[in-house]
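Enquirer: In the UniProt record's numbering, the protein residues as written are 1 to 149.
What follows is a single structure, and I will ask about it in a moment.
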């Protein structure tokens, strides 16, 4: 498995795990609210039920976000390499590995730090469509693209 494939696999698993956790949490809240509805009455019950619904809405929004991230990752072919930077490219710039996909936490693969960034982010937007050797500046930081996979 190549370095780029390991990165893709790790991020895909990370997002799938988040989806599974959010689904479990929503399911548990739904069960709790059903059980709570059977044995409680009064203002405290209404407040607790309302709080559960608010929490469920927050989790549902986080779940939707994770599903959107997964659908973007599913569009990426980790085996494809291009000269120009596209969605799914692994870029080395200023000694930093950047994975153009979706905004996700920094990870370490084989002891090397990798940052996943969205093509819509300021840095991602500057990278898109460019090649090795391209130079640009963001927030007074000068970047040079060293490699593209």
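Glycine is no exception: its CB is placed at the ideal position from the N, C-alpha and C atoms.
Values in this document were obtained by computation on a predicted structure and should not be read as measured data.
1) Tell me which residues share the same chain as residue 148 and place their Cβ nearer than 6 Å to its Cβ, disregarding the 5 neighbours each side in the sequence.
2) For residue 195 versus residue 100, is the C-beta distance shorter than 8 Å?
3) What does residue 21 pair with, by DSSP beta-bridge criteria?
4) Where do the ends of the beta strand (DSSP E) carrying residue 116 lie?
5) Quick one: Cα of residue 117 to Cα of residue 21, how far?
6) Starting from residue 122, follow the alpha helix (DSSP H) in both directions and report where the run begins and ends.
7) Terminal residues of the continuous beta strand (DSSP E) containing residue 141?
8) Can you tell me where the beta strand (DSSP E) with residue 104 in it begins and where it stops?
9) Measuring CB to CB, does residue 16 end up less than 8 Å from residue 64?
10) Please state whether the Cβ-Cβ distance between residue 93 and residue 143 is less than 8 Å.
Expert: Reading it off the structure:
1) 85, 89, 91 and 132
2) For residue 195 there is no data in the structure shown, the boundaries of the chain being 1 and 149.
3) DSSP output for residue 21 lists no bridge partner at all.
4) 112-117
5) 23 Å
6) 122-127 is the extent of the alpha helix (DSSP H) around residue 122.
7) 141-148
8) Residue 104 -> beta strand (DSSP E) spans 104-109.
9) no
10) yes
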